[in-house]
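*Asks:*
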Amino acid sequence: MRDENVVKCGRLKAQTVVKAVNTRNMHGYYAETKEEALKIALNIIPRGSSVGYGGGVSVDQIGLKDALLNGDYKLIRREEAKTPEEMHDKYREIFDADFFITGANAMTEDGIIVNIDGNANRVSAIAYGPKKVIFVVGINKITKDLDSAVKRARNVAAPINAQRFNIKTPCNELGTCMNCKSPNCICSQFLITRFQNDPERAHVIIVNDELGF
Ligand code: SF4
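Residues in the sequence shown are numbered consecutively from 4, following the numbering used here.
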């Protein structure tokens with residue numbers, strides 16, 4: 004059971020972020036709980052849609068991937084790829100999908116979304132390709148400004164992701180960013196999403212709960 008003051012502060016902050024998102028030609032939504040976030044996401048995605056994803060934990064934690072897998076949707080499962088060539092084909096298929104579902108490494112209070120990527124399949128699909136993108140963002144990802152968002156992405160999210168996939172990087176060993184240029188670096192590309200030209204493309208669900216890293 005979360006402290007009611009924590010919930011109230013989270014709600015106020017999240018609602019501020021939702022308003023900021025709406026000024027950036029994106030659709031902002033507030034979800035009090037993971038369950039509400041799942042309902043909002045499923046309301047946005049019509050049955051029969053093809054949906055790709057980029058490995059984010061937040062979409063798993065609200066149960067979205069399971070719901071799509073068990074529902075009347077075409078979930079493009081990159082886990083099915085057995086070779087690098089098959090994985091390349093999956094990335095191409097995702098690029099053409101109706102929807103891309105993702106988390107965020109960090110997000111500012113004024114609605115800017117920050118993601119970093121080694122391979123760039125995730126950030127490229129966020130930037131362009133799939134017809135629509137749904138971001139699921141926990142309250143723990145919200146930072147004061149862009150500088151602190153980038154710092155969060157590099158010093159909190161990236162080391163945990165390096166641990167998660169056991170990627171050989173200095174942050175995996177030390178738990179913090181060492182600004183590496185290692186062959187397996189997961190911080191090759193930085194994407195700052197500050198505006199969408201297509202007003203129907205991006206949907207950002209801010210969840211008043213901790214999600215992902
Ligand atoms: S050490 Fe390298 S891979 Fe790890 S967070 Fe820093 S730049 Fe990214």
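Heads up, the beta-carbon is just placed ideally off N, CA and C, and yes, glycines get one too.
Name, in chain order, the residues that DSSP records as bridge partners for A70.
*Replies:* A70 pairs with nothing; no bridge assigned.
*Asks:* Applying the criterion that 16 or more other CB atoms from any shown protein chain within 10 Å of the CB defines a buried residue, is R27 buried or exposed?
*Replies:* Counting Cβ neighbours within 10 Å, R27 comes out buried, since at least 16 surround it.
*Asks:* So does R157 have its beta carbon nearer than 7 Å to some heavy atom of the ligand SF4?
*Replies:* Yes, the ligand SF4 has a heavy atom inside 7 Å of this Cβ.
*Asks:* Nearest to A23 by alpha carbon, out of A156, A160, M110 and D150?
*Replies:* Among A156, A160, M110 and D150, the Cα nearest to that of A23 belongs to M110.
*Asks:* Is the stretch 102-109 touching the stretch 146-159, taking contact as three or more C-beta pairs under 8 Å?
*Replies:* Touching, per the Cβ criterion.
*Asks:* Which residue wins for smallest C-alpha separation from I115, given the options K68, M29 and E203?
*Replies:* Ranking the options by Cα distance to I115, first place goes to M29.
*Asks:* Taking C-alpha atoms, which residue in A44, K134, I209 and F168 lies nearest to Q242?
*Replies:* With the chain covering 4 to 216 only, the question about residue 242 has no answer from this structure.
*Asks:* In this structure, what does DSSP give as the bridge partners for S53?
*Replies:* Per DSSP, K77.
*Asks:* Is there at least one non-hydrogen atom of the ligand SF4 closer than 7 Å to the beta-carbon of P202?
*Replies:* Result no, Cβ not under 7 Å from the ligand SF4.
*Asks:* Which first and last residues belong to the beta strand (DSSP E) in which K184 is found?
*Replies:* Neither: K184 is in no beta strand (DSSP E) and is coded neither H nor E.
*Asks:* Measuring straight from C-alpha to C-alpha, what distance separates D201 and K171?
*Replies:* Rounded to the nearest angstrom, the two C-alpha atoms are 38 Å apart.
*Asks:* For the structure I just gave you, are there three or more beta carbon pairs, one from the stretch 128-148 and one from the stretch 40-57, closer than 8 Å?
*Replies:* Touching, yes, given that three or more Cβ pairs across the two stretches are closer than 8 Å.
*Asks:* Please find out if some non-hydrogen atom of the ligand SF4 comes closer than 7 Å to the beta-carbon of N182.
*Replies:* Yes, the Cβ of N182 comes within 7 Å of a heavy atom of the ligand SF4.
*Asks:* By the DSSP assignment, the alpha helix (DSSP H) with D63 in it spans what residues?
*Replies:* Where D63 is concerned, the enclosing alpha helix (DSSP H) stretches over V60 to Q64.
*Asks:* Would I119 pass as a contact of A161 if the rule is Cβ separation under 8 Å?
*Replies:* Contact: yes.
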